[in-house]
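Q: First, the structure itself, so that you have it in front of you.
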Amino acid sequence: MLKQAIENLGNRTIQGVWRIGFAARFFVAILLHSATAFRRFGLTIREMYFTGVLSLIIILVSGLFVGMVLGLQGYETLQRYGSESALGTLVALSLVRELGPVLAGLLFASRAGSAITAEIGLMKATEQLSAMEMMAIDPIARVVAPRFWAGVISMPLLAALFSALGVFGGYLVGVRLIGVDEGTFWSQMQGAVDFEQDILNGVIKSVVFGVAVTTIALFEGYDAPPTAEGVSGATTRTVVTSSLVVLALDFVLTAFMFRGLN
Amino acid sequence: MNRTVLDLWVGLFVIAGVGALLFLALKVGSMSTVNSTDSYEVVADFQNIGGLKPRAPVKSAGVVVGRVADIRFDNGKYEAVVTLRLDKRYAFPKDTSASIMTSGLLGEQYVGLEPGGDSVMLKNKDRILITQDAVVLENLIGQFLYGKAQEGKAQEGVPK
Numbered sequence: 000m001l002k003q004a005i006e007n008l009g010n011r012t013i014q015g016v017w018r019i020g021f022a023a024r025f026f027v028a029i030l031l032h033s034a035t036a037f038r039r040f041g042l043t044i045r046e047m048y049f050t051g052v053l054s055l056i057i058i059l060v061s062g063l064f065v066g067m068v069l070g071l072q073g074y075e076t077l078q079r080y081g082s083e084s085a086l087g088t089l090v091a092l093s094l095v096r097e098l099g100p101v102l103a104g105l106l107f108a109s110r111a112g113s114a115i116t117a118e119i120g121l122m123k124a125t126e127q128l129s130a131m132e133m134m135a136i137d138p139i140a141r142v143v144a145p146r147f148w149a150g151v152i153s154m155p156l157l158a159a160l161f162s163a164l165g166v167f168g169g170y171l172v173g174v175r176l177i178g179v180d181e182g183t184f185w186s187q188m189q190g191a192v193d194f195e196q197d198i199l200n201g202v203i204k205s206v207v208f209g210v211a212v213t214t215i216a217l218f219e220g221y222d223a224p225p226t227a228e229g230v231s232g233a234t235t236r237t238v239v240t241s242s243l244v245v246l247a248l249d250f251v252l253t254a255f256m257f258r259g260l261n
Numbered sequence: 000m001n002r003t004v005l006d007l008w009v010g011l012f013v014i015a016g017v018g019a020l021l022f023l024a025l026k027v028g029s030m031s032t033v034n035s036t037d038s039y040e041v042v043a044d045f046q047n048i049g050g051l052k053p054r055a056p057v058k059s060a061g062v063v064v065g066r067v068a069d070i071r072f073d074n075g076k077y078e079a080v081v082t083l084r085l086d087k088r089y090a091f092p093k094d095t096s097a098s099i100m101t102s103g104l105l106g107e108q109y110v111g112l113e114p115g116g117d118s119v120m121l122k123n124k125d126r127i128l129i130t131q132d133a134v135v136l137e138n139l140i141g142q143f144l145y146g147k148a149q150e151g152k153a154q155e156g157v158p159k
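Protein chains in written order, with numbering that gives the first Met the number 0: chain U, 0 to 261; chain B, 0 to 159.
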């Protein structure tokens, strides 16, 4: 009984370490086989349509509503201290520094990451990847690398759109609906938001999240057991793992980027 | 899907994304004050800077004319050395005074510049000689209490 439990624990540990090692080698293999993704950029553009353009609707609508809610709740709290003028700063800083990259990353993981895993998992289950190898086409260069670069390029653009729409949503609610002074809203915001410290760090965050989410999605798809059950399990794992990784990485990046400020 | 339609959509997506980044950089953030080429630096010594931080605004007549670039401690004079980066568009006389002020009751601290009457203007790496320290609340309360105590003593001394 006890021996069984210890054996189980050992087995799980070995499996976990093996998977991390495999994922790391897989990541390096993607980087080494990236030449095709840039030489035949059409492949990457095609994948950008599926990961980037098709994620636009959910990103834009979520960004707008998150910004509008920030406007409402921020005003509600700030007006107690008579500092409604700081509403623009609150909305812009929270979106550009944290909410934009993180929420766009989470949405990207569930919208695009799950699709990538399901697609590659099914390609593997129906032996399309093996067929490519038979034809001397490297599946990592032809299938995996273009999807990787498409995700890495799309993610910062999506995060920027999320933040911009969020600021616009905050403006709609704060200025148009509630009636905070328009000039104060923008000037306080511009006074507090720094290009290098805030906006550039937000972009760096979103690039890191893009790399993490697409790598996890591609790895789970490539590693999925070639059955219907295996692919569905891998899709679930992609969403769960990449969401957790985005949140954990966000904490680490924030600790490095904003610790020295203020 | 048709290749050209696909290209068109991805192109629109990239344009929208870059546009959003530009919007963030120009409308939400302030790129204008980041530029260090059209600015000059002056130095001011303070005995106490209170809660002044790097990147705090430098204002004259309430208008932001620059930012605090650097704060150091001079171990020879035991004073704080504050470097101010001012916009080149604004020139100040040599006898300008710098004081550390607070916006609002609990607001952030900033450096206020009060122009003097000199005809020679401040140049890069010049030093502002007239400075006024930050008001430290504890000192202020201490002075107030001390003053009250003195007042009380003086009244006691008056014969009835």
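Just so you know, even glycine gets a beta-carbon here, dropped at the ideal spot from N, CA and C.
On a predicted model such as this, the values are computed, not experimentally measured, just so you know.
Which chain U residues are close to LEU23/B, counting only those with a beta carbon under 7 Å from its beta carbon?
A: Correct list: VAL95, ALA159, SER162, ALA163, ILE198.
Q: Just the chain U side, please: which residues come within less than 9 Å of VAL57/B by C-beta, in chain order?
A: Ordered by position in chain U, no residue passes the 9 Å Cβ test against VAL57/B, which lies about 12 Å from the chain.
Q: Kindly indicate the opening and closing residues of the alpha helix (DSSP H) around PHE25/U.
A: First-last of the alpha helix (DSSP H) with PHE25/U: 1 to 31.
Q: For GLY111/B, name the three-state secondary structure that DSSP assigns.
A: The answer is strand: DSSP assigns GLY111/B an E or B state.
Q: Might you give, ordered along the chain, the residues of its own chain that have their beta carbon closer than 7 Å to the beta carbon of ALA28/U, omitting 5 neighbours on each side?
A: ILE139, listed in sequence order.
Q: Can you tell which of LEU106/U, GLY15/U, GLY73/U has its C-alpha closest to the C-alpha of LEU246/U?
A: When each option's Cα is compared against that of LEU246/U, the closest is LEU106/U.
Q: Give me the chain B residues within the contact set of LEU252/U, using Cβ-Cβ distance strictly less than 9 Å, ordered along the chain.
A: Neighbours of LEU252/U on chain B: none; closest Cβ ~18 Å, over 9 Å.
Q: With distances taken Cα to Cα, identify the nearest neighbour of LEU23/B among ALA216/U, TYR48/U, ALA254/U, ASP193/U.
A: The option with the nearest alpha carbon to LEU23/B is ASP193/U.
Q: Where does LEU51/B sit, in a helix, a strand or coil, going by DSSP?
A: Residue state, collapsed to three classes: coil.
Q: Is the CB-CB distance between VAL42/B and THR82/B below 8 Å?
A: Going by C-beta atoms, VAL42/B is nearer than 8 Å to THR82/B.
Q: With GLY61/B and GLN108/B assumed to form a contact (beta carbons below 8 Å), what rounded beta-carbon distance in angstroms separates them?
A: That pair is no contact at about 15 Å.
Q: Here's a check: name, in chain order, each residue in its chain whose Cβ is nearer than 6 Å to the Cβ of VAL95/U, leaving out the five neighbours to either side.
A: Counting only Cβ-Cβ distances below 6 Å, and skipping sequence neighbours, we find SER162, ASP197, ILE198, GLY201.
Q: Where LEU121/U and GLU219/U are concerned, what is the direct C-alpha to C-alpha distance, given to the nearest angstrom?
A: Between LEU121/U and GLU219/U, the C-alpha separation is close to 11 Å.
Q: State whether the stretch 9 to 25 of chain B contacts the stretch 59 to 77 of chain B, with contact taken as three or more CB pairs (one from each stretch) at a distance under 8 Å.
A: Contact between the stretch 9 to 25 of chain B and the stretch 59 to 77 of chain B is absent, because fewer than three Cβ pairs lie under 8 Å.
Q: Ends of the alpha helix (DSSP H) at ASP6/B?
A: Taken as a continuous stretch (DSSP letters only), the alpha helix (DSSP H) holding ASP6/B covers 2 to 22.
Q: Within its chain, find whatever has a CB closer than 8 Å to the CB of VAL9/B; leave out the 5 residues flanking it on each side and keep chain order.
A: If we look at VAL9/B and ignore the five residues flanking it on each side, it has no Cβ neighbours.
Q: What residues in its chain sit with their C-beta under 7 Å from that of ALA211/U, if we drop five residues either side in the sequence?
A: Counting only Cβ-Cβ distances below 7 Å, and skipping sequence neighbours, we find SER241, VAL244, VAL245, LEU248.
Q: Could one say the Cβ of PHE143/B lies closer than 8 Å to chain U's Cβ atoms, at least one of them?
A: No, its Cβ sits nowhere closer than 8 Å to a Cβ of chain U.
Q: Quick check on the DSSP output: the beta strand (DSSP E) that includes GLY65/B runs from which residue to which?
A: 62 to 73 is the extent of the beta strand (DSSP E) around GLY65/B.
Q: Below 8 Å, can you find three or more Cβ-Cβ pairs linking the stretch 133 to 150 of chain U to the stretch 29 to 39 of chain U?
A: Judged by Cβ distances under 8 Å, the stretch 133 to 150 of chain U makes contact with the stretch 29 to 39 of chain U, as three or more pairs qualify.
Q: At a Cβ threshold of 8 Å, is GLN189/U touching chain B?
A: With 8 Å as the cut-off, GLN189/U counts as an interface residue toward chain B.
Q: Is DSSP giving ASP193/U helix, strand or coil here?
A: Reduced to three states, the DSSP call for ASP193/U is coil.
Q: In the structure shown, what three-state DSSP assignment does ARG39/U receive?
A: The answer is coil: DSSP assigns ARG39/U none of H, G, I, E or B.
Q: With a CB to CB cut of under 7 Å and the five nearest residues on each side skipped, what residues in its chain are close to SER113/U?
A: Contacts found: THR234, THR237, VAL238.
Q: By Cβ distance below 6 Å, which residues in the same chain neighbour PRO114/B in space, the five residues on each side in sequence not counted?
A: For PRO114/B, where only same-chain residues beyond five positions count, the Cβ hits under 6 Å are PHE91, PRO92, THR95.
Q: Out of curiosity, what's the CA-to-CA distance linking LEU160/U and THR214/U?
A: Cα to Cα, the separation comes out at about 22 Å.
Q: Please report the straight-line C-alpha distance between VAL165/B and PHE49/U, rounded to a whole angstrom.
A: Here chain B has residues from 0 to 159 only, and residue 165/B is not among them.
Q: Quick one, are the C-beta atoms of LEU98/U and GLY20/U less than 8 Å apart?
A: No, Cβ-Cβ distance for LEU98/U and GLY20/U is not below 8 Å.
Q: Could you tell me whether any Cβ in chain U is nearer than 8 Å to the Cβ of VAL33/B?
A: Below a pLDDT of 50, predicted positions are generally treated as unreliable, and VAL33/B, at 46, falls in that range; the measurement from the model is reported next regardless. Chain U contact via Cβ: present.
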